[in-house]
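The next block holds one structure in the form of structure tokens; read it before the comments.
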Amino acid sequence: MSESSASSRIKRLVNTYSGLVLMGAVGIPIGVIVGAICALFGRVLLAIGAFRDEHIVLLLPFLALMGLAIVFAYLTWGKGTDRGMSLVFDVGHGREDAISPRLVPLIMLSTWATHLFGGSAGREGVAVQIGATVSHWIGRRLPFREPGNTFLLIGMAAGFAGLFRTPLAATVFAIEVLVAGRMEYRALFPALTASLAASMSSGALGLEKFEVAVTASYALDLPGLGRLALLGIAFGMVGGAFAWCLAHAKTLAARLLPSPYIRVAVMGLALSAILFALWQGRYCGLGTNLISAALGDNGEASIMPWDWALKFVLTIATLAAGYQGGEVTPLFSIGASLGVVLAGILGMPVELCAALGYAAVFGSATNTLLAPIFIGCEVFGFSSLPTFFIVCVVAYLFNMDKSIYALQEHSRTR
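Using the working numbering, you'd call the opening residue of the sequence shown number 2 and step up by one each time.
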């Protein structure tokens, strides 16, 4: 190698790594900002959920009316932000240039309203959209040559970590979710710094991390591995079915009720009646009540065999009607509840099966592989890494290649 070519190579390496360090440094203030917004969003949402549970009889009848207000707000001021994660994915794939900053207040307020009046929806998709919007807006105003979606991925990671305070899961989620089967490695380091900063920022502002230590031991012998594989197949099929049903429910609702006002009013009235009739709001909100019951000391007695299925259906109906919120926390509750049921059938530790379902159904519905493994470890402890790895890999293989993100692209077929 000549002296000039060696010098040129060294210069390229220096430029590459200095740029990487610089992007990592930029990720820190972005994470702090996004984490602070997520702390506000998350703490208000938890307070709203507690208030709703105490006054469910008074609030649930107004779900349809609030739906009309949400639709009006988006049609009047939204300017395409009602596309939510689809807009984020379009920007990530280069089909759109920007996300309007008005997405942040609109989605926060509409999600709070959905939860206040009893809709069955999540929160994590909202946080990811908030992070993506803020970070991409900042990135467009900085003199960097990074690909357009790098700042988007940094923000997605920060939003996930700011709300759930699981920075490792947030990092890998952001870099693997845009294209199934491909990792955006160039964004790995800045996404990690942003995730760590967001998690610490939201924690400093009082947003607590949900974590449960799973202490049940499990033998990884041949019968044990077989039962884990069966769990993975079940969780994978349920997560894939959720993604498929959500997409088709939205299409069907829009075809049968083309007017968004009529759609949200009719479906909102039906949801109010059904949610009240089913144990007066047991399936309203995030589903954290089901998660707590599944992972509690008496999970088998606290969870009913149909809890996971009803949460599955009512979350899809809420989102298809036009209400706002994410899907991830309901997916956690669906998986944890299903895990309790399968634990009894397979003769496995209830707490472990609930934890495995929590992670694996999320992974299969989002069509991600590493994120559910890491979230399982960050929430339930790294001592269960082998079981999370086995179940999440099998679930990923059996999810029928479906995703709740309609615009997720694929680098391979299964």
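Glycine included, C-beta positions come from ideal geometry on N, C-alpha and C.
As computed with DSSP, histidine 411 is found in a beta bridge with Ala181. Note on phenylalanine 165: 16 or more other CB atoms within 10 angstroms of its CB, so buried under the neighbour-count rule.
Between alanine 337 and alanine 278, the C-beta spacing is not below 8 Å. Using a Cβ distance threshold of 8 Å, glycine 269 and alanine 74 do not count as a contacting pair. In summary, glutamate 212 is exposed, with fewer than 16 beta-carbon neighbours lying within 10 Å of its beta-carbon over all protein chains present.
Aspartate 298 counts as exposed, since fewer than 16 other beta carbons sit within 10 angstroms of its beta carbon. Contact holds between the stretch 403 to 410 and the stretch 176 to 185, because three or more Cβ pairs, one in each stretch, are under 8 Å apart. At least 8 Å separates the beta-carbon of alanine 159 from that of valine 89. Put simply, the backbone Cα of alanine 205 is about 9 Å away from that of alanine 37. In the three-state reduction of the DSSP assignment, serine 273 falls in the helix class. Taking a contact as a CB-CB distance under 8 Å, the pair alanine 70 and alanine 114 counts as one, their CB atoms being some 7 Å apart.
Within the same chain, Cβ atoms closer than 7 Å to the Cβ of glycine 123 are found at Leu287, Gly326, Gly327, Glu328, Val329, Thr330, Pro331, the five residues on either side in sequence being excluded. Under the three-state reduction of DSSP output, glutamate 352 falls in the helix class. Between the stretch 299 to 311 and the stretch 101 to 108, the count of Cβ pairs shorter than 8 Å is below three; the stretches do not touch. Of the candidates Val35, Ile263, Gly282, Gly358, Val35 places its Cα closest to the Cα of histidine 137. Considering only Gly85, Gly233, Leu353, the residue with the shortest C-alpha distance to phenylalanine 399 is Gly233. For alanine 310, the enclosing alpha helix (DSSP H) covers residues 308 to 322.
Straight-line spacing of the CA atoms in arginine 44 and aspartate 308 works out to 26 Å. Check the Cα spacing between alanine 170 and each of Ala199, Leu223, Pro144, Phe152: the tightest is with Ala199.
One Cα belongs to tyrosine 324, the other to glycine 163, and the distance between them is close to 23 Å. For the pair valine 129 and glutamine 281, the Cα-to-Cα distance works out to about 31 Å. Three or more pairs of CB atoms, one per stretch, sit closer than 8 Å, so the stretch 234 to 250 contacts the stretch 303 to 320. Within the same chain, Cβ atoms closer than 6 Å to the Cβ of proline 168 are found at Ala162, Ser196, Leu197, Ser200, the five residues on either side in sequence being excluded. Rounded to whole angstroms, alanine 344 and leucine 229 show a C-alpha spacing of 10 Å. Assigned with DSSP and collapsed to three states, glycine 126 falls in helix.
The C-beta distance from glycine 240 to serine 334 rounds to 13 Å, too long to meet the 8 Å contact threshold. Within its own chain, the residues whose Cβ lies closer than 7 Å to the Cβ of isoleucine 155, once the five positions on either side in sequence are excluded, are Gly28, Ile31, Ser136, Ala188, Pro191, Ala192, Ala195, listed in chain order.
Take the alpha-carbon of leucine 221 and the one of valine 395: they are about 15 Å apart. Contiguous beta strand (DSSP E) elements confined to the stretch 138 to 224 do not occur, taking only those with 3 or more residues. Rounded to the nearest angstrom, the Cβ distance from threonine 388 to leucine 347 is 13 Å, too far for a contact under 8 Å. Across the structure, leucine 47 and alanine 26 are spaced so that their CA atoms are roughly 32 Å apart. Non-local C-beta neighbours of arginine 146 in its own chain, meaning closer than 6 Å and more than five positions away in sequence, are absent.
Across the structure, lysine 251 and serine 260 are spaced so that their CA atoms are roughly 13 Å apart. Sixteen is the threshold: when 16 or more other Cβ atoms of the shown chains lie within 10 Å of the Cβ of tyrosine 284, as they do, the residue is buried.
When Met157, Arg141, Arg256, Pro224 are compared, the shortest CA-CA separation from glycine 85 is found for Met157.
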